[in-house]
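K.L.:
Okay, here's the structure, questions in a sec.
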Amino acid sequence: MSEPEPARGLRRGTELLLEAVALMAAAERDGDYSVADRAAALLRQALAITPEGAPQRLHHLSALGRVYRDQFRHLGRRAALQAAIDAHRGSLASTPPGDPQRAFRLFNLATVLSDRYELLDDVAALDESIRLLDEAVLADAGGAPLPVPARINLGQRLRDRWHRRGDPTDLDRAVEVLAAAADPGAALMYAMVITERYTERRTPADLDAAIEANRAAVAVAGSLPKDLADLADLARIGLAALLGQRYEDSHAPADLDGAIFAYRTAVDAAAGADRAGLRRALGGLLASRYELHRHRGDLTESLRLLRTAVAATDEPVTRALLLRDLGHVLHRHHTGLLGLDTLRECHDLLAEAERLLPAGHPERPHLLRDLGEARRELADAAGEPELLEPAVATLRAAVAAAADSPLLPQSLSNLGVALQALFAHTQDLATLTEAVAVLRRALEAAPPGHPDRLLVLTNYGAALNRRVDLAVEGMTDATPKAGGPARIGADGHPPPPELERDAQTAVTLLREAAELARHEADEERAPVVHILALALLLRHQLTGDLADVDESVDLLRDVRAALPPFPPDGHRLYIDALAPTATLPEGSSWPRLWWCPTGLLTLLPLHAAAPMEGRDGVLDRVVPSYTASLRALRRARDAAPAGGGPITSALVVGMPRTPGLADLPAVAREEGVVRRYLPQVTSLTGPAATPQAVLAALPRQPVVHLCCHGTQRLDAPTEGRLVLSGGPLQVRDLWRPAGTAAALAVLSACETVRGGAALADEALTLGTAFQLAGFRHVIGALWSISDALAAQLSAEFYARLAVPGGIDPERAAPALHHAVRRLRAVLPGRPDLWAGYVHIGP
Numbered sequence: 060m061s062e063p064e065p066a067r068g069l070r071r072g073t074e075l076l077l078e079a080v081a082l083m084a085a086a087e088r089d090g091d092y093s094v095a096d097r098a099a100a101l102l103r104q105a106l107a108i109t110p111e112g113a114p115q116r117l118h119h120l121s122a123l124g125r126v127y128r129d130q131f132r133h134l135g136r137r138a139a140l141q142a143a144i145d146a147h148r149g150s151l152a153s154t155p156p157g158d159p160q161r162a163f164r165l166f167n168l169a170t171v172l173s174d175r176y177e178l179l180d181d182v183a184a185l186d187e188s189i190r191l192l193d194e195a196v197l198a199d200a201g202g203a204p205l206p207v208p209a210r211i212n213l214g215q216r217l218r219d220r221w222h223r224r225g226d227p228t229d230l231d232r233a234v235e236v237l238a239a240a241a242d243p244g245a246a247l248m249y250a251m252v253i254t255e256r257y258t259e260r261r262t263p264a265d266l267d268a269a270i271e272a273n274r275a276a277v278a279v280a281g282s283l284p285k286d287l288a289d290l291a292d293l294a295r296i297g298l299a300a301l302l303g304q305r306y307e308d309s310h311a312p313a314d315l316d317g318a319i320f321a322y323r324t325a326v327d328a329a330a331g332a333d334r335a336g337l338r339r340a341l342g343g344l345l346a347s348r349y350e351l352h353r354h355r356g357d358l359t360e361s362l363r364l365l366r367t368a369v370a371a372t373d374e375p376v377t378r379a380l381l382l383r384d385l386g387h388v389l390h391r392h393h394t395g396l397l398g399l400d401t402l403r404e405c406h407d408l409l410a411e412a413e414r415l416l417p418a419g420h421p422e423r424p425h426l427l428r429d430l431g432e433a434r435r436e437l438a439d440a441a442g443e444p445e446l447l448e449p450a451v452a453t454l455r456a457a458v459a460a461a462a463d464s465p466l467l468p469q470s471l472s473n474l475g476v477a478l479q480a481l482f483a484h485t486q487d488l489a490t491l492t493e494a495v496a497v498l499r500r501a502l503e504a505a506p507p508g509h510p511d512r513l514l515v516l517t518n519y520g521a522a523l524n525r526r527v528d529l530a531v532e533g534m535t536d537a538t539p540k541a542g543g544p545a546r547i548g549a550d551g552h553p554p555p556p557e558l559e560r561d562a563q564t565a566v567t568l569l570r571e572a573a574e575l576a577r578h579e580a581d582e583e584r585a586p587v588v589h590i591l592a593l594a595l596l597l598r599h600q601l602t603g604d605l606a607d608v609d610e611s612v613d614l615l616r617d618v619r620a621a622l623p624p625f626p627p628d629g630h631r632l633y634i635d636a637l638a639p640t641a642t643l644p645e646g647s648s649w650p651r652l653w654w655c656p657t658g659l660l661t662l663l664p665l666h667a668a669a670p671m672e673g674r675d676g677v678l679d680r681v682v683p684s685y686t687a688s689l690r691a692l693r694r695a696r697d698a699a700p701a702g703g704g705p706i707t708s709a710l711v712v713g714m715p716r717t718p719g720l721a722d723l724p725a726v727a728r729e730e731g732v733v734r735r736y737l738p739q740v741t742s743l744t745g746p747a748a749t750p751q752a753v754l755a756a757l758p759r760q761p762v763v764h765l766c767c768h769g770t771q772r773l774d775a776p777t778e779g780r781l782v783l784s785g786g787p788l789q790v791r792d793l794w795r796p797a798g799t800a801a802a803l804a805v806l807s808a809c810e811t812v813r814g815g816a817a818l819a820d821e822a823l824t825l826g827t828a829f830q831l832a833g834f835r836h837v838i839g840a841l842w843s844i845s846d847a848l849a850a851q852l853s854a855e856f857y858a859r860l861a862v863p864g865g866i867d868p869e870r871a872a873p874a875l876h877h878a879v880r881r882l883r884a885v886l887p888g889r890p891d892l893w894a895g896y897v898h899i900g901p
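Sequential numbering from 60 applies to the sequence shown in the numbering used here.
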């Protein structure tokens, strides 16, 4: 019995379908899609012999649509895409709701419509694709695993439409759809969209979700096909970046460690230009971890990565950013690396970055801030004040670039500090006035709660301290009267209102700063409290209110009480390293120790430190000296005499009587001591000791011995002055050309090396001012010394300097050390009489 024609056509159509499917399976396996034409012909033939209305036609149409799509994708035939759309649309049109195949056919048509959107930017095709995929996700696929790929495609297309239109509901739907798809491919796409939503909205919940999503995506990356490898790399980078962001927000060390591990993995997996950016991020995080734990390996690896990235990058903007980051790390840690050399390298790197980075780049404010700060610090560390003007100019540019940036308060604060440094060099009061105005702007830009408010409050308060101290210094007598310390207002002339306002404002600002430091940055509290204590003391000088002195003392006691307990023999940890035995053999050279005090420590005789029970102390272990800074010490050493015989000449300047000041009856005795050891002495005493006479006699003299009253400008060492007959002699007038003889200055009976209030970070005194004026060695006093004892100590001092034919000033430090120890032996319980004299120099 012959087979009916319709049945034969259905059977033959099925055979043709199976043959076409086999051809396309081989094409997918072998990558040879040239057989797609044969498969399409077979399916068209199957459609031709399959009766209308037969359900098999829908299978043939779906298969033909897939073949047409392969022709489009693999053979580049754009016309085949529309044919695929038509075939899938025809198949779906004949598939009623509830049919188990409807979900698949919805998915197929949505897929080719997505192709059309990507090819032609057809927004209507995108909208229809999303509508069809929404229905496919909800449709019953008869137990087949369709919903997962449908969810992945739907999430991707919703993301596309969000990028195009910015409708947040599309992004939320994408997150929702992909979160519910339990599939490795979906995990990658979900990680991408939840990361984008966090970037858009910055909510902590999305950050946590994005981290977990990227972590899950990285975990399944090894099981993914090669065509998803790029997404896996993005997940690694995303995980690293997100952990780094959460560390910035919460400062959880585990997040920092996780970010570093993730970036290392990403660097290993990346290639080419991508590595530069990853190395930059990893280098920055390693530097952060070094600041947290101080593990040297982290800093070393950070610098290696950043240097490698710089060396491998020529593109100007990328290179500029890498140079900026490398310079930033070197700047923050130069003191622990190669010091001044590292600071110079940092400056050069940042200067190159500034030339490369275009105006308007969002990183430019940070770059200009770092470059300006590097120039300011280099000016100080290298003794190159000519860098201060460029530093100020750069920081002005940083302020302009940060006008609408959160960086503005910090940029203004840095500019204010640089202007103060410039003022210290130029003594131009307009510069100090501008510094105060700039810091006032910084405070206005950093309202309560701003992260930079503590920095701004501290710097603004310190600037006001400096301005108050300048005014007080200018309005106060050079030397205290017998009735007590001179004080503005004590003679019936009240201080100007603006001066009182500055003093009050400084105290108010610094009180707030101290409270902020107590709650937010306890490690910053001690320096802030010291500056507050100075502000209170300055206000006391204006008002005479002893409550300010009491509060200052209480504050400093509280800070001291909060410090870790110091071992009873703690000083031995340092002194023993220099001199392991307290008793040196006769004729042995004592070890040397230089003190470089700051802040209130400049008021203390550190060289006289010893245990309370009277055992050996610093003077029993080392020969102590002082220096205002390492730079000043280096300069003094560089000025070493070329050699030759003993010094034979000196200038003695003495004022036995000075109107309004205490008499100095031992001037003649001290002059006699000098004449005993130097055969050629020029003497200017009493009325003969005029500023003009001293200046005329000084250039030819390698030694000067001064027995007179003096006062110091702690904020401006070159304006320190000696009280002579007919008027003061300023230290800056003593400067002499390089190469002239300036071996020793002995400043007797004056408060010549006592620190002060305005400059809490370096000891700038009359003694150090003489060193700046060219004298290699300076002997001075921390406080007023008994006139008779000063003469006795001078005799001991010069006796130790004596050599055949004159004196050797290079023996100044051990000579003073010997003289002070001799005086201590006579008056062991009176350090106020023997501990005041100090040596400044090499």
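Yeah, the Cβ is synthetic: ideal placement off N, Cα and C, and Gly gets one too.
Tell me where the alpha helix (DSSP H) around THR492 begins and ends.
P.N.:
Residue mapping note: residue 492 aligns to position 433 of the sequence shown, counting from 1. Its alpha helix (DSSP H) spans residues 488–504.
K.L.:
Report the residue from SER807, ALA410, GLU579 whose alpha carbon sits nearest the alpha carbon of LEU513.
P.N.:
For the purposes of this step, residue 513 is taken as residue 454 along the sequence shown, with counting starting at 1. Of the candidates SER807, ALA410, GLU579, the one whose C-alpha sits nearest the C-alpha of LEU513 is GLU579.
K.L.:
Rounding to the nearest angstrom, what Cα-Cα distance links PRO208 and GLU307 in this structure?
P.N.:
Taking the first residue of the sequence shown as position 1, residue 208 is located at position 149. Taking the first residue of the sequence shown as position 1, residue 307 is located at position 248. Cα to Cα, PRO208 sits roughly 37 Å from GLU307.
K.L.:
State the DSSP-derived secondary structure class of TRP653, mapped to helix, strand or coil.
P.N.:
The count along the sequence shown starts at 1 and reaches residue 653 at position 594. Looking at TRP653 - three-state DSSP - the assignment turns out to be strand.
K.L.:
Using the Cα positions of ARG218 and SER150, report the straight-line distance between them to the nearest angstrom.
P.N.:
For the purposes of this step, residue 218 is identified with residue 159 of the sequence shown, where counting begins at 1. For the purposes of this step, residue 150 is identified with residue 91 of the sequence shown, where counting begins at 1. Using only the alpha carbons, I get a separation of about 28 Å.
K.L.:
Taking the C-alpha atoms as reference points, what is the distance between THR377 and ALA335?
P.N.:
For the purposes of this step, residue 377 is taken as residue 318 along the sequence shown, with counting starting at 1. For the purposes of this step, residue 335 is taken as residue 276 along the sequence shown, with counting starting at 1. Each residue's Cα considered, the two are about 8 Å apart.
K.L.:
Identify, in the order they occur along the chain, each residue of the same chain with its Cβ nearer than 7 Å to the Cβ of LEU886, setting aside the five sequence neighbours on each side.
P.N.:
In the sequence shown, the residue the question calls residue 886 occupies position 827. For LEU886, where only same-chain residues beyond five positions count, the Cβ hits under 7 Å are LEU892, TRP893.
K.L.:
Return the CA-CA distance between ARG103 and ARG339, expressed in angstroms with no decimal places.
P.N.:
Working through the sequence shown from its first residue, we reach residue 103 at position 44. Working through the sequence shown from its first residue, we reach residue 339 at position 280. About 58 Å.
K.L.:
GLU422: which of PRO449, LEU466, HIS392, ALA440 sits nearest, CA to CA?
P.N.:
Locating residue 422 in the sequence shown gives position 363, where the first residue counts as 1. For the residues PRO449, LEU466, HIS392, ALA440, the minimum Cα distance to GLU422 belongs to LEU466.
K.L.:
Does the pairing of the segment 683–693 with the segment 714–727 give three or more beta-carbon distances under 8 Å?
P.N.:
No, the segment 683–693 is not in contact with the segment 714–727.
K.L.:
Considering Cα atoms alone, identify which of ASP180, ASP186, GLY214 is closest to VAL196.
P.N.:
For the purposes of this step, residue 196 is taken as the residue at position 137 of the sequence shown. Checking every option, the nearest Cα to that of VAL196 belongs to GLY214.
K.L.:
Hey, could you find the ends of the alpha helix (DSSP H) PRO873 is sitting in?
P.N.:
Position 814 of the sequence shown holds residue 873. That run of the alpha helix (DSSP H) goes 871–885.
K.L.:
Identify which residue in ALA250, VAL451, ALA294 has its Cα closest to the Cα of PHE482.
P.N.:
Walking along the sequence shown from the start, residue 482 turns up at place 423. It is VAL451 whose Cα lies nearest to the Cα of PHE482.
K.L.:
Just the C-alpha distance for ASP920 and PRO553, rounded to the nearest angstrom, thanks.
P.N.:
Only positions 60 to 901 of the chain appear in the structure, and residue 920 is not among them; the question remains open.
K.L.:
Put THR367 into one of helix, strand or coil per three-state DSSP.
P.N.:
Here the question's residue 367 lines up with position 308 in the sequence shown. Helix, per DSSP.
K.L.:
Restricting to Cα atoms, I'd like to know which of VAL763, ARG880, ARG403 is closest to ILE838.
P.N.:
For the purposes of this step, residue 838 is taken as residue 779 along the sequence shown, with counting starting at 1. When only C-alpha atoms are compared, the closest one is VAL763.
K.L.:
If you draw a straight line from the C-alpha of ALA501 to the C-alpha of THR490, how long is it?
P.N.:
Here residue 501 is taken as the residue at index 442 of the sequence shown, counted from 1. Here residue 490 is taken as the residue at index 431 of the sequence shown, counted from 1. Using only the alpha carbons, I get a separation of about 16 Å.
K.L.:
So what's CYS766 in DSSP terms, helix, strand or just coil?
P.N.:
By 1-based counting over the sequence shown, the position of residue 766 is 707. Of the three classes helix, strand and coil, the one that applies to CYS766 here is strand, per DSSP.
K.L.:
By DSSP, does ARG972 sit in helix, in strand, or in coil?
P.N.:
Since the first residue of the chain shown is 60 and the last is 901, residue 972 is not available in this structure.
K.L.:
What residue does the alpha helix (DSSP H) around PRO750 start on, and which one ends it?
P.N.:
Counting from one through the sequence shown, the residue named residue 750 turns up at place 691. Note, PRO750: alpha helix (DSSP H), 750–756.
K.L.:
Can we say the segment 165–179 touches the segment 125–144, given the rule of at least three CB pairs closer than 8 Å?
P.N.:
Result yes; three or more Cβ-Cβ pairs closer than 8 Å.
K.L.:
On the criterion of 16 or more Cβ atoms from any shown chain inside 10 Å, does HIS310 qualify as buried, or is it exposed?
P.N.:
Counting from 1 along the sequence shown, the entry for residue 310 is found at position 251. Looking at its Cβ environment, which holds fewer than 16 other Cβ atoms inside 10 Å, HIS310 is exposed.
K.L.:
Starting from GLY900, follow the alpha helix (DSSP H) in both directions and report where the run begins and ends.
P.N.:
Translated into the one-based positions of the sequence shown, residue 900 becomes position 841. From DSSP, GLY900 is part of no alpha helix (DSSP H); its letter is neither H nor E.
K.L.:
With 16 as the cutoff for other CB atoms within 10 Å, does ALA418 come out buried or exposed?
P.N.:
Looking up residue 418 in the sequence shown gives position 359. Looking at its Cβ environment, which holds fewer than 16 other Cβ atoms inside 10 Å, ALA418 is exposed.
K.L.:
Which of the three DSSP states, helix, strand or coil, is assigned to GLY731?
P.N.:
Position 672 of the sequence shown, counted from the start, is the residue given in the question as residue 731. Helix, per DSSP.
K.L.:
Who are the Cβ neighbours of ILE189 in its own chain at under 7 Å, not counting the five residues just before and after it?
P.N.:
Against the sequence shown, residue 189 aligns to sequence position 130. Closer than 7 Å at the Cβ level, and outside the excluded window around ILE189, lie LEU213, ARG216, LEU217, ARG220.
K.L.:
Determine the burial state of PRO110: buried for a count of at least 16 other Cβ atoms within 10 Å of its Cβ, exposed for fewer.
P.N.:
Looking up residue 110 in the sequence shown gives position 51. Answer is exposed; the Cβ neighbour count stays below 16.
K.L.:
Output the boundary residues of the alpha helix (DSSP H) element that contains TYR249.
P.N.:
If you number the sequence shown from 1, residue 249 lands on position 190. Here the alpha helix (DSSP H) through TYR249 covers 243–260.
K.L.:
Can you tell me where the alpha helix (DSSP H) holding ARG780 begins and where it ends?
P.N.:
In the sequence shown, counting from the first residue as 1, residue 780 sits at position 721. Premise fails: ARG780 lies in the beta strand (DSSP E), 780–783, not in any alpha helix (DSSP H).
K.L.:
Kindly give me the distance between the Cβ atoms of LEU402 and ALA440, rounded to whole angstroms, as I take these residues to be in contact under 8 Å.
P.N.:
The sequence position of residue 402 within the sequence shown is 343, counting from 1. The sequence position of residue 440 within the sequence shown is 381, counting from 1. With 8 Å as the limit, LEU402 and ALA440 qualify as a contact, their Cβ atoms being about 6 Å apart.
K.L.:
Check whether the Cβ of ALA418 lies closer than 7 Å to any Cβ atom in chain D.
P.N.:
No chain D is part of this structure, which consists of one protein chain only.
K.L.:
Are there 16 or more other CB atoms within 10 angstroms of the CB of GLU445, so buried, or fewer, so exposed?
P.N.:
Position 386 of the sequence shown, counting from 1, holds the residue named residue 445. Counting Cβ neighbours within 10 Å, GLU445 comes out exposed, since fewer than 16 surround it.
K.L.:
If contacts are defined as beta-carbon pairs under 8 Å, then SER784 and ALA748 qualify, I think. What distance do you get, rounded to the angstrom?
P.N.:
The count along the sequence shown starts at 1 and reaches residue 784 at position 725. The count along the sequence shown starts at 1 and reaches residue 748 at position 689. Going by Cβ atoms, the distance from SER784 to ALA748 rounds to 5 Å, so yes, they are a contact pair.
K.L.:
Which residue marks the beginning of the beta strand (DSSP E) containing LEU720, and which one marks its end?
P.N.:
Within the sequence shown, residue 720 is the residue found at index 661, counting from 1. No beta strand (DSSP E) holds LEU720; DSSP gives it neither H nor E.
K.L.:
Assuming GLN760 contacts THR741 (C-beta within less than 8 Å), just tell me the rounded distance between them.
P.N.:
As a working note, residue 760 is residue 701 in the sequence shown. As a working note, residue 741 is residue 682 in the sequence shown. Yes, they are in contact, since the Cβ atoms of GLN760 and THR741 sit about 7 Å apart, within 8 Å.
K.L.:
Cα separation between LEU637 and ASP867?
P.N.:
Taking the first residue of the sequence shown as 1, we reach residue 637 at position 578. Taking the first residue of the sequence shown as 1, we reach residue 867 at position 808. Annotation note: pLDDT 48 at LEU637 (below 50); position unreliable, coordinate value reported separately. Cα to Cα, LEU637 sits roughly 25 Å from ASP867.
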